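Quick note on numbering: numbering that gives the first Met the number 0 labels position 656 of the sequence shown as 655, and the sequence is numbered without any gaps.
Note that the Cβ used here is the ideal one computed from N, Cα and C, for glycine as well.
Quick caveat: nothing in here was measured; it's all calculated off a predicted structure.
Here is the structure we will look at.
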Amino acid sequence: MKDKFFEFKERIIENCRENKIAVIILLLLWAFAVPFTLYFYQDSLGKISTGNEAFDNVVELADGTVVQQNLPIVEGSESLAIKFATYARRNNGSFTVRVSGIDSGIIYADKQVKVSSLQDNAFMTFRLSEKLDPKNDSQIRVVLSSDSQSGQGAGVYYSNLKAYEDGKLEINGQLQEGDLSLRFLSESKELDLFYRIVIIWVISTFTLIILLILLVKPKYEVLFTVIAICFGLTFWLIITPMSVPDETIHYEYSLQLSNYMMGKKDHLIIDEEYQNYGAMAGHLNISAAYERFITKINRPMHLDNKDSKMNFDIDESYKICFVPQALGITLARLLNWNMLRTFYLGRLFNLIFYVICVYIAIKKTPVHKLLFGILATLPIFMQQAASFSYDCYINGLTFVIIGCLMKWMHQKEIIDLKEFVFVFIVNMLIAPIKVVYGLFSFLYWFVPEENFGKKKDKIIGALIITAPAMYELTVLLFPLAFRIIRKIFENLFLRELSAETFFVSNPLLVEGDTYTFSDVMAHPMEAIELLLRTIRYSLKTWFYASFGRALSGNTLILPTYLVHSLLALIVLSALLEEKHTGSFTFRFVILIMCCFAGLMMVGGMLISWTEVDQEIIEDYGGPIIQGIQGRYFSPFLPYLFIIINNSRLKISRKCDQYILYAFVVLVFEVVVYVLSYTFMN
0 MKDKFFEFKE RIIENCRENK IAVIILLLLW AFAVPFTLYF YQDSLGKIST GNEAFDNVVE
60 LADGTVVQQN LPIVEGSESL AIKFATYARR NNGSFTVRVS GIDSGIIYAD KQVKVSSLQD
120 NAFMTFRLSE KLDPKNDSQI RVVLSSDSQS GQGAGVYYSN LKAYEDGKLE INGQLQEGDL
180 SLRFLSESKE LDLFYRIVII WVISTFTLII LLILLVKPKY EVLFTVIAIC FGLTFWLIIT
240 PMSVPDETIH YEYSLQLSNY MMGKKDHLII DEEYQNYGAM AGHLNISAAY ERFITKINRP
300 MHLDNKDSKM NFDIDESYKI CFVPQALGIT LARLLNWNML RTFYLGRLFN LIFYVICVYI
360 AIKKTPVHKL LFGILATLPI FMQQAASFSY DCYINGLTFV IIGCLMKWMH QKEIIDLKEF
420 VFVFIVNMLI APIKVVYGLF SFLYWFVPEE NFGKKKDKII GALIITAPAM YELTVLLFPL
480 AFRIIRKIFE NLFLRELSAE TFFVSNPLLV EGDTYTFSDV MAHPMEAIEL LLRTIRYSLK
540 TWFYASFGRA LSGNTLILPT YLVHSLLALI VLSALLEEKH TGSFTFRFVI LIMCCFAGLM
600 MVGGMLISWT EVDQEIIEDY GGPIIQGIQG RYFSPFLPYL FIIINNSRLK ISRKCDQYIL
660 YAFVVLVFEV VVYVLSYTFM N
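In structure tokens, the structure reads:
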């Protein structure tokens, strides 16, 4: 033990000597970045937010448009937050925000803002010169005006219904029914305490990671395990309960599975306390959840013997992906913990499962360790891992599969039987959940036959590995193939094709009806047009969302510079020089498989989710396929980014610590932005 300590000490000293100047500069930059970031967001961090959250309409601040809102004050408010829109375009010019007291005439704020600095669909905070006091004013007036040209100005949101008693909203002198989407921010002891706890944790753990990168330089599997734990626990705290997409359903599924584990006869019956969702909002990060965390986390379990019936019944085939969460819930229930503790322990067990998967994947692979590590610890992956979402299960096993694949493809020794069984089990676990992700097990056919021993062993081994995916594909595609053949036979010999137009609403249809496979078969060209239109409309959104542009319930949109910076780091890590570069055939097959898996996913959403009577999308000439989210494509990222690695365009391995350093700083920026966003909701 003593020898290891001295060895560790010598490594730190040696690394410090080798890169003394770089280490000092990077530590100074980190010491500057932390207070600067916190100062930049100080107007919203740790504050309680009250006001109008509705945003039904938007008006562009351009061509002399003047928006004026009179409203009662909230005593003690230090800042105002107004929600703006950029219309997802590049805008020019500026607008002015003027806040004054109606009674006193005090100018609380008079600020000019460049339109280009706004984030789309996000609140912007304006600090007041002094706290609002009813002794000075009972109401304030907010006036927005702009010098932007039409089509280049920012939009400001407002509601259809009144949000403020005695409030009055005028746009160009015309009285409106609703009020501005405006929030008052004031001090809160509970929120300030929560903020201090989180920010101390974040600064401490992120500094530890920075020191590990610069001074210790541990193996990647160790480093990224530490990173996954630190990042994961951070998102475990700051993403509020029920905010991750479908988390309410996944939480209740896990509760039901917990009932099975505890031997409960009726798995749909649960103690009422465990479904106490007070101060939590589905798909929205709200600061009220932080308040409840601080004030109620230690509250004893309320045993009133009231039972509650759940709204959802878990599908048999999906039980396995909720096992980690259910184990955490079961332990908490045995300890008689309250809802909050139970909820967070279930999240924690899900995170532990994911961290184990990340460690195994990076330890196994001999190549792309940095790429896989950065992808695995992106905010979107950590958010899903630190929630009840079964995306954690899919993402974790995806990294294990590709990590083992890289090892088998590039190792020189014969594959060990234990490892073969392990890989088979992993592929068997993922295929029944989402067959589109299980398709990538077919890449194991690229493992050299000498690693199996001989050609016959490779064929048998590859067939065994891909058997789960082949079985699921057969179950899925055989009925479709049968229906295709039957449809062709009917069209050729039994009757002519219906002249009814695809996508024209049928008056006999019930609202909410979805497309059917028969619709696609009867009108294949129209179906292809629908697919192409959807790709044109959504491809950019899918791509950015796949690596985390939208967090929480797809409502927390990260600033553009953070998204592009994360993408740049992923590309750089993918271009790092490696001992082995995949062949052209291997990379081409990956691309084809990603496209095929994407088409399967889109086709599934067309039949299961897309409504026939949806509105036509303007500028695209028709409807689109609904229900597809960018995070569905996240498991494709490890495969897609190894494609761009090549032997011609390479980046030196000396850059890896700088890429890692930049990544940690960017995630710190993301964390602070998430906190700022939540405190304003």
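Could you tell me whether the Cβ atoms of residue i and residue j are closer together than 9 Å?
i           : j           : result
residue 643 : residue 573 : yes
residue 172 : residue 243 : no
residue 149 : residue 51  : no
residue 344 : residue 327 : yes
residue 579 : residue 409 : yes
residue 363 : residue 402 : yes
residue 352 : residue 391 : yes
residue 434 : residue 405 : no
residue 536 : residue 605 : no
residue 209 : residue 673 : no
residue 532 : residue 603 : no
residue 438 : residue 461 : no
residue 613 : residue 553 : no
residue 145 : residue 93  : yes
residue 258 : residue 299 : no
residue 321 : residue 679 : no
residue 86  : residue 129 : no
residue 77  : residue 185 : yes
residue 212 : residue 659 : yes
residue 616 : residue 624 : no
residue 70  : residue 118 : no
residue 124 : residue 62  : no
residue 423 : residue 359 : no
residue 575 : residue 650 : yes
residue 470 : residue 389 : no
residue 397 : residue 361 : no
What would DSSP say about residue i, mapped onto helix, strand or coil?
i           : result
residue 507 : Residue placement at residue 507 is flagged as unreliable, the pLDDT there being 39, under the threshold of 50; the coordinate-derived value follows with that caveat. Here residue 507 sits in coil by DSSP.
residue 621 : strand
residue 158 : coil
residue 439 : helix
residue 182 : strand
residue 123 : strand
residue 691 : Only positions 0 to 680 of the chain appear in this structure, which leaves residue 691 out of reach.
residue 497 : Below a pLDDT of 50, predicted positions are generally treated as unreliable, and residue 497, at 44, falls in that range; no measurement from the model is reported.
residue 643 : coil
residue 552 : coil
residue 514 : coil
residue 341 : helix
In angstroms, rounded to a whole number, what distance separates the CA positions of residue i and residue j?
i           : j           : result
residue 335 : residue 297 : 12 Å
residue 289 : residue 48  : 12 Å
residue 559 : residue 446 : 40 Å
residue 419 : residue 193 : 47 Å
residue 53  : residue 270 : 34 Å
residue 33  : residue 291 : 27 Å
residue 519 : residue 140 : 56 Å
residue 177 : residue 133 : 24 Å
residue 671 : residue 561 : 12 Å
residue 97  : residue 384 : 43 Å
residue 268 : residue 431 : 27 Å
residue 234 : residue 286 : 15 Å
residue 611 : residue 633 : 28 Å
residue 55  : residue 161 : 12 Å
residue 441 : residue 425 : 13 Å
residue 16  : residue 653 : 16 Å
residue 496 : residue 525 : A caution first: residue 496 carries a pLDDT of 42, below 50, which makes its placement in the model too unreliable to give a value.
residue 555 : residue 89  : 20 Å
residue 498 : residue 182 : The predicted position of residue 498 is uncertain, since its pLDDT is 40 and thus under 50; a value taken from the coordinates is nonetheless stated next. Computed Cα separation, rounded: 54 Å.
residue 416 : residue 46  : 57 Å
residue 284 : residue 293 : 16 Å
residue 217 : residue 23  : 19 Å
Throw me the rounded Cβ distance for the residue i and residue j pair, which I believe falls under 8 Å.
i           : j           : result
residue 309 : residue 272 : With 8 Å as the limit, residue 309 and residue 272 do not qualify as a contact, their Cβ atoms being about 14 Å apart.
residue 147 : residue 112 : The Cβ separation is near 11 Å, so there is no contact.
residue 324 : residue 348 : 6 Å
residue 231 : residue 350 : 5 Å
Can you find a heavy atom of the ligand FAD that lies under 8 Å from the Cβ of residue i?
i           : result
residue 606 : Ligands displayed in this structure: none; no statement on the ligand FAD is therefore possible.
Any chance the stretch 166-181 sits against the stretch 214-221, with 3 or more Cβ pairs inside 8 Å?
Between the stretch 166-181 and the stretch 214-221, the count of C-beta pairs closer than 8 Å stays below three; the two stretches do not touch.
Touch test, the stretch 565-580 against the stretch 370-379, Cβ-Cβ under 8 Å, three pairs minimum:
yes
Evaluate the contact criterion for the stretch 272-282 versus the stretch 234-248: three or more CB pairs, one atom per stretch, below 8 Å.
yes
Should the stretch 627-644 be regarded as contacting the stretch 68-84, the criterion being three or more beta carbon pairs within less than 8 Å?
no
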